[in-house]
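Structure, as structure tokens:
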């Protein structure tokens, strides 16, 4: 994990890839829990027997489950000291090029691609996040994550 000391170091990281972070296993329990929370109980996610004969050969994580892991995965890549608050602001260009099969591992890489002043003490940040699947050339998710950091 890289620690950026304050606003200036954060801005200096613009355009530089950080990561990859640590691998995180996506097990069936996590997938089932996400299905319960969201109400998305499609068989490709929760029925291992049926999914074994389906298009992916196993159950797969919901795309939105993969996306929801962005904060956790980014926490393992970078930390910015001196912020008093951070907010999720939005998402741009979210794509899911590859499925995440149950039992596989994912990790993230990130690149700060834009930073804009917000008020006297804030920055709006656009971070391109790529979530990789172990053993796959295609990423599971690519998204431009828009956040605000206040110092």
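Numbering (full-length UniProt numbering), first residue to last: 1 to 151. Glycine residues also receive a C-beta, built at the ideal position from the N, C-alpha and C atoms. From a predicted model like this one, the values you see are computed outputs, not experimental measurements.
Relative to the C-alpha of residue 44, which candidate in 58, 37 and 78 has its C-alpha closest?
Cα-wise, what sits closest to residue 44 is 58.
Give me the Cα-Cα distance between residue 17 and residue 112, rounded to the nearest whole angstrom.
Residue 17 and residue 112: Cα-Cα distance of roughly 7 angstroms.
Helix, strand or coil at residue 62 [DSSP, three-state]
coil
Under a Cβ-count criterion, where at least 16 other Cβ atoms within 10 Å of its own Cβ denotes burial, should residue 87 be classed as buried or exposed?
Result: exposed.
Using only CA atoms, which one of 71, 104, 5 and 99 lies nearest to residue 110?
71
Consult DSSP for residue 33 and reduce its assignment to one of helix, strand or coil.
helix
Residue 114 bridges to which residues according to DSSP?
126
Compare the Cα-Cα distances from residue 97 to each of 145, 69, 133 and 22 and report the closest residue.
133
Count the C-beta pairs between the segment 100-107 and the segment 23-30 that are closer than 8 angstroms, then say yes if the count reaches three, no if not.
When C-beta atoms of the segment 100-107 are compared with those of the segment 23-30, three or more pairs fall below 8 angstroms, so the two segments count as touching.
Nearest residue (CA-CA) to residue 148, options 1, 91 and 36:
Of the listed residues, the one whose Cα sits closest to residue 148 is 91.
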